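These protein sequences, in sequence, are chains A and B.
Per my numbering, the first sequence starts with residue 1, numbered consecutively.
Per my numbering, the second sequence starts with residue 1, numbered consecutively.
Encoded as structure tokens, the structure appears first; notes follow it.
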Amino acid sequence: MTGHPANGLDDTVHQRVRLGILTIAHEARRVEFSYLRNNLDLTAGNLSQHLGVLESAGLITIEKGYAGKRARTWVTLTKAGQAALAEEIAQLKLLISQIERTDTALHGQT
Amino acid sequence: MTTEAAHPGDDPDRLLSDTRELAQRVRKDQRATWFPLLVFAVLTFASIPVRRYSGHHLDCVAVPRICSVYSDAEFVYWPIALVLAYVAIAAFYIRRSRARGVGTRVRPYAIAGIIIAVALTGVALWEVRNPPVHPMGLDGLAYQLARPEGAIGFALLVLAWAERNRALLLLTLVYLVAVLMPITFGPVQPNPPWYFYPAIFQGSVLLLGGIGFALAQRPLRSPAP
């Protein structure tokens, strides 16, 4: 079963929250921690954990700074992150088309 | 939300649709289409008195008999006004993106806008000495587009691409048609009574578009947390 599209899925990226983080970072180029927390409906601790996993994998960079007196954390997608996101989307599409083909074949048999 | 990796049985259809929905939400949050449209509407209306109270030249080519009217002040007003407008628009988008915590793709728009404005001003200056042979033909259309109003339209196309905004693309096409539409009455004269009609028409398209986008994007403009 090595040719099955599910085998091409990367466990780091194939996770709803982490896929969401990469998607937002891809669209925004640079996104703030609070924007991610609000849009993904996460607690700060939970989001930090996911960001840590993605940063360790080299898929994002985290930059801490200040806007006025307010501390801010900015997340940016790396080139590896962009490639991983594109690969995940491609694998998901492949998986969906494979499921649809199997469904069609099964319906054809009955 | 959990921190575990997705179960192999997770629905890929759902993951993909969630991804698309998130991307759409971010794009909506990034848009501030109303601001550049209102800025350009103001510039277009402000160009009316500039043209009215500046000196005019009437240049004619003998064979074939073609005349063109131009104002010196417009060649000064538009490049400066457009460059300042793009600086203001870029500053507005950057400030807004910082407040909302989400980056935008305004840089390519501002850079493209300034390059197009400067390039088309150069072309317009050249055209003053080289009027079109067939003003109502294809070369006439090219001459119509190589004006500050055309520069605004081309840059709005870049913004529509940067914001992935189909509604703006549609409005820009309407605006470019308004720019191409020759609104002239009677013989060519240095300062005809109808000189402000095209600017009123083009400015109104931008103004109404800006108001429309402001109303449509208003519910999404929530203060930064």
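Beta carbons: idealized from backbone N, C-alpha and C, even for Gly.
Small disclaimer: the values here were computed from a predicted structure and weren't measured.
Between which two residues does the alpha helix (DSSP H) carrying Lys69 of chain A extend?
No alpha helix (DSSP H) contains Lys69 of chain A, which DSSP labels as neither H nor E.
Would you kindly work out how many angstroms separate the C-alpha atoms of Arg31 of chain B and Ala105 of chain A, rounded to a whole number?
The straight-line gap from Cα to Cα measures roughly 44 Å.
Are the C-beta of Asp72 of chain B and some C-beta of chain A separated by less than 8 Å?
Output row for Asp72 of chain B: interface = no.
Please list, in chain order, all residues of the same chain as Leu171 of chain B whose beta carbon is under 6 Å from its beta carbon, the five residues on each side excluded.
Cβ within range, chain order: Gly209.
So, do the stretch 105–123 of chain B and the stretch 46–61 of chain A have three or more beta carbon pairs nearer to each other than 8 Å?
Contact between the stretch 105–123 of chain B and the stretch 46–61 of chain A is absent, because fewer than three Cβ pairs lie under 8 Å.
Can you confirm whether Ile62 of chain A, when its beta carbon is compared against all beta carbons of chain B, has any partner nearer than 8 Å?
Output row for Ile62 of chain A: interface = no.
Name the one or two DSSP bridge partners that Glu32 of chain A has.
DSSP output for Glu32 of chain A lists A:Trp74 as bridge partner(s).
So Val83 of chain B contacts chain A; which residues on that side make the cut at Cβ distance below 8 Å?
By Cβ distance, chain A contributes nothing, its closest Cβ being about 24 Å from Val83 of chain B, past 8 Å.
Could you tell me if Asp29 of chain B is buried or exposed, where buried requires 16 or more neighbouring beta carbons within 10 angstroms of its beta carbon?
Asp29 of chain B is buried by the Cβ-count criterion.
Identify, in the order they occur along the chain, each residue of the same chain with its Cβ nearer than 6 Å to the Cβ of Val50 of chain B, setting aside the five sequence neighbours on each side.
Counting only Cβ-Cβ distances below 6 Å, and skipping sequence neighbours, we find Ala73, Tyr77.
Using the Cα positions of Phe185 of chain B and Leu206 of chain B, report the straight-line distance between them to the nearest angstrom.
Low per-residue confidence applies at Phe185 of chain B: pLDDT is 49, beneath 50, and the placement is therefore not dependable, though the value from the model is reported in the following sentence. When rounded, the distance between both Cα atoms is 23 Å.
In the structure shown, what three-state DSSP assignment does Val39 of chain B receive?
The answer is helix: DSSP assigns Val39 of chain B an H, G or I state.
Count the other CB atoms, across all protein chains shown, that sit within 10 Å of the CB of Pro227 of chain B; report buried if there are 16 or more and exposed otherwise.
In the structure displayed, chain B extends from 1 to 225; residue 227 of chain B sits before or after that span and is not available.
What does a CB cutoff of less than 7 Å around Pro79 of chain B pick up in its chain, not counting 5 residues either side in sequence?
Result list for Pro79 of chain B: Ala117, Val118, Thr121, in chain order.
Nearest chain B C-beta to Leu92 of chain A closer than 8 Å, yes or no?
Judged by the 8 Å Cβ criterion, Leu92 of chain A is in contact with chain B.
Using DSSP's beta-bridge definition, name the partner residues of Ile60 of chain A.
DSSP output for Ile60 of chain A lists A:Leu77 as bridge partner(s).
What residues are listed by DSSP as bridge partners for Val102 of chain B?
Answer by DSSP bridge pairing, in chain order: A:Val31.
Considering Cα atoms alone, identify which of B:Leu16, B:Ala46, B:Ala91, B:Ala146 is closest to Glu87 of chain A.
With distances taken between Cα atoms, Glu87 of chain A lies closest to B:Leu16.
With a 10 Å radius around its C-beta and 16 neighbouring C-beta atoms as the bar for buried, classify Thr33 of chain B as buried or exposed.
That one is buried.
DSSP three-state call for Ser71 of chain B: helix, strand or coil?
Strand.
According to the Cβ coordinates, are Phe213 of chain B and Ala178 of chain B closer than 8 Å?
Cβ atoms of Phe213 of chain B and Ala178 of chain B: not closer than 8 Å.
Where Val53 of chain A and Ile21 of chain A are concerned, what is the direct C-alpha to C-alpha distance, given to the nearest angstrom?
If you take the alpha carbons of Val53 of chain A and Ile21 of chain A, they lie about 11 Å apart.
Quick one, which of B:Ser54, B:Arg218, B:Arg96, B:Gly113 has its alpha-carbon nearest Val87 of chain B's?
Comparing Cα positions, the closest option is B:Gly113.
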